[in-house]
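Notes follow once the structure below has been shown.
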Amino acid sequence: MAWVELIIAGFFEMFWATMMKLSEGFSKVNYSVLTVVGMVASFYFLAKSLRALPISLAYPLWTGIGAIGTIFIGIFFFKDHLSLTTSFFVLLLIAGIIGIKITSGN
Numbered sequence: 019m020a021w022v023e024l025i026i027a028g029f030f031e032m033f034w035a036t037m038m039k040l041s042e043g044f045s046k047v048n049y050s051v052l053t054v055v056g057m058v059a060s061f062y063f064l065a066k067s068l069r070a071l072p073i074s075l076a077y078p079l080w081t082g083i084g085a086i087g088t089i090f091i092g093i094f095f096f097k098d099h100l101s102l103t104t105s106f107f108v109l110l111l112i113a114g115i116i117g118i119k120i121t122s123g124n
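Using this note's numbering, count along the sequence shown one by one with no gaps and you end on 124.
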């Protein structure tokens, strides 16, 4: 269950980052409120996952899920462009997250 909680926390990480972008510097109240709600939910599920997972695994995986997911949101919804070099390093980040999960033993 801790891994599910960690994945949910990562999805809320993507959610709040997207809402922060849409808030346009916290000038749009609805998106600003959703940013804070997403942050609280993300931290809540991260905290729940930490009851069973070591922080040395949970925290980097949480940030990695949020970072990679937000990269894809930026590309598909905000038309962000990544250079070939940046894309390579995103792939390394994905490989690192998969490697941490596979070798963690949890």
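Positions of the beta carbon are idealized from the N, C-alpha and C atoms, including for glycine. Predicted, not measured: the structure shown is a model, and the values here were computed from it.
Residue i versus the options, residue with shortest Cα-Cα distance
i, options, result
"residue 83", "24, 120 and 61", "24"
"residue 53", "33, 95 and 123", "33"
"residue 112", "81, 86 and 77", "86"
"residue 20", "56, 28, 102 and 68", "68"
"residue 118", "98, 72 and 100", "72"
Run of the alpha helix (DSSP H) containing residue i, from where it starts to where it stops
i, result
"residue 32", "20 to 40"
"residue 79", "73 to 95"
"residue 7", "Past the boundaries of the shown model lies residue 7; the chain is included only from 19 to 124, so the question cannot be answered."
"residue 70", "Unbroken run through residue 70: none, as it is neither H nor E."
Residue i classed as buried or exposed, judged by whether at least 16 other C-beta atoms fall within 10 angstroms
i, result
"residue 30", "buried"
"residue 63", "buried"
"residue 125", "Only positions 19 to 124 of the chain appear in this structure, which leaves residue 125 out of reach."
"residue 28", "buried"
"residue 43", "exposed"
"residue 88", "buried"
"residue 123", "exposed"
"residue 121", "exposed"
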